[in-house]
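S.K.: Here the UniProt record's numbering is used: the first residue of the sequence shown is 1, the next is one more, and so on.
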Amino acid sequence: MTHVIKISGYEVDHADSLQTLISALSSIDDQVVLIHGGGSILPRVLNAIGGTNHPAAAEIAAMALRGGINPRLVAALTQHHLQAIGLCGSDLELMYLLPKSDEPIVRFEVLHYLLEQAWLPVLAPLAMESATGAVKLLNADTAAQMIASALAADQLTYIVQTPGVYASGRRISGISGRQCERYIKQGAFDATYTSVVKAASLAAPHVGRVRITDLNGFLDGVETVVVA
């Protein structure tokens with residue numbers, strides 16, 4: 001079973017969460033593609049240069065992701081006998097952008113090959129602009145959605161800090177794409193959860209099962225399931 005999992009980077013910053021992630025990955029027999037966000041490193045780096053409008057923001061973000069979070073995560077997984085390989089979208093043109101497009105094209109055949117060889121790809125959310133070769137930072141939630149959809153994955157899991165999505169103080173056990181749109185328009189979620197819910201709803205028509213949960217919920221089956 002092909003399983004795309006997106007984590008925020010928080011899991012890399014906190015030893016307990018990283019250990020729980022490793023336990024979760026070790027407990028399943030799925031072919032996993034892991035996409036990570038920027039954790040606490042990326043916001044600090046970008047804030048130091050004045051934000052994403054800085055001319056070198058993409059290059060600096062790429063350095064933080066590829067030189068910081070990605071190798072740390074890969075090293076931790078490898079130490080626990082998981083066959084992790086660190087990549088970003090510009091490697092082998094895994095994710096590339098055509099001129100005037102913000103939606104990356106995913107070379108899913110490369111990921112299929114890696115999975116067939118029993119590798120666990122760990123992807124930083126970076127894509128390459130095909131016309132210039134420049135590296136562009138992607139929203140990690142969107143990257144996970146695009147990858148899972150391109151792979152026609154059996155499962156896509158967004159790991160967040162709560163065991164699912166909450167509205168009015170209650171966990172939503174299941175939600176449709178139309179309901180996602182309504183909740184987002186109502187401002188029911190903060191920016192982080194809005195990004196996750198939007199990406200999950202876009203993936204739902206193309207993926208066998210889409211869920212949002214935290215690491216404990218991942219192990220215990222407590223989650224929000226997003227359907228088309």
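Just so you know, even glycine gets a beta-carbon here, dropped at the ideal spot from N, CA and C. Keep in mind the model is a prediction, meaning the values are calculated, not measured.
Buried or exposed: Asn70, going by 16 or more other Cβ atoms within 10 Å of its Cβ?
M.R.: Classification for Asn70: buried.
S.K.: Note down, in chain order, each residue of its chain lying with its Cβ closer than 6 Å to the Cβ of Arg171, except the 5 sequence neighbours on either side.
M.R.: Closer than 6 Å at Cβ, skipping near neighbours: Gly164.
S.K.: Mark Lys100 as exposed unless 16 or more other C-beta atoms lie within 10 angstroms of its C-beta, in which case mark it buried.
M.R.: Classification for Lys100: exposed.
S.K.: Going by CA-CA distance only, name the one from Leu111, Ile85, Ile147 and Ala191 that's closest to Ala203.
M.R.: Checked all of Leu111, Ile85, Ile147 and Ala191; the closest Cα to Ala203 is Ile147.
S.K.: Ile212 lies in the alpha helix (DSSP H); which residues open and close that run?
M.R.: Not the alpha helix (DSSP H): Ile212 falls in the beta strand (DSSP E), residues Arg209 to Thr213.
S.K.: With distances taken Cα to Cα, identify the nearest neighbour of Ser90 among Leu123, Val74 and Gln83.
M.R.: Comparing Cα-Cα distances from Ser90 to each of Leu123, Val74 and Gln83, the minimum goes to Leu123.
S.K.: Quick one, which of Glu93, Thr20, Glu116 and Leu137 has its alpha-carbon nearest Leu65's?
M.R.: When each option's Cα is compared against that of Leu65, the closest is Leu137.
S.K.: Secondary structure at Lys100, three-state DSSP: helix, strand or coil?
M.R.: In the structure shown, Lys100 sits in coil (DSSP, three-state: anything other than H, G, I, E or B).
S.K.: Enumerated in chain order, which unbroken segments of the beta strand (DSSP E) with a length of 3 residues or greater are wholly contained in the stretch 11-59?
M.R.: With a minimum length of 3 residues, the continuous beta strand (DSSP E) runs that stay inside the stretch 11-59 are 31-36.
S.K.: In whole angstroms, what separates the C-alpha of His80 from that of Val227?
M.R.: Computed Cα separation, rounded: 34 Å.
S.K.: Looking only at DSSP bridge pairs, what is Gln155 linked to?
M.R.: Note: Gln155 sits in a beta bridge opposite His3 and Arg209.
S.K.: Within 10 angstroms of the Cβ of Gln117, are there 16 or more other Cβ atoms? Answer buried if so, exposed if not.
M.R.: Under this definition Gln117 is an exposed residue.
S.K.: Using the rule of at least 16 other Cβ atoms within 10 Å of the residue's Cβ for burial, across every protein chain shown, is Glu59 buried or exposed?
M.R.: It counts as exposed.
S.K.: Where does Thr224 sit, in a helix, a strand or coil, going by DSSP?
M.R.: Residue state, collapsed to three classes: strand.
S.K.: In this structure, how does DSSP classify Pro71 when only helix, strand and coil are distinguished?
M.R.: Of the three classes helix, strand and coil, the one that applies to Pro71 here is helix, per DSSP.
S.K.: For a test of the three-state rule: what should DSSP assign to Ser176, helix, strand or coil?
M.R.: Strand at Ser176.
S.K.: Starting from the C-beta of Ile85, find all residues in its chain whose C-beta is less than 8 Å away, skip the five residues before and the five after it, and write them out in chain order.
M.R.: Around Ile85: Val74, Leu114, Trp119, Leu120, Pro121 and Val122.
S.K.: Kindly indicate which residue of Ala188, Val160, Leu126 and Val207 has the alpha-carbon position closest to the one of Thr2.
M.R.: Measuring from the Cα of Thr2, the nearest candidate turns out to be Val207.
S.K.: Who are the Cβ neighbours of Ala143 in its own chain at under 6 Å, not counting the five residues just before and after it?
M.R.: Excluding residues within five positions, the ones whose Cβ falls inside 6 Å are Ile35 and Pro125.
S.K.: Out of Gln31, Asp141 and Ala127, point me to the one whose CA is closest to Ala191's CA.
M.R.: For Ala191, the nearest C-alpha among the options comes from Asp141.
S.K.: Beta strand (DSSP E) containing Leu123: first to last residue?
M.R.: Note, Leu123: beta strand (DSSP E), Leu120 to Ala124.
S.K.: Out of Ser26, Val33, Ala62 and Gln31, state which residue places its alpha-carbon closest to the alpha-carbon of Pro43.
M.R.: Selected option, being the one with the closest Cα: Ala62.
S.K.: Answer yes or no: do Ile7 and Ile175 have a C-beta to C-beta separation smaller than 8 Å?
M.R.: Result no, Cβ atoms of Ile7 and Ile175 do not sit closer than 8 Å.
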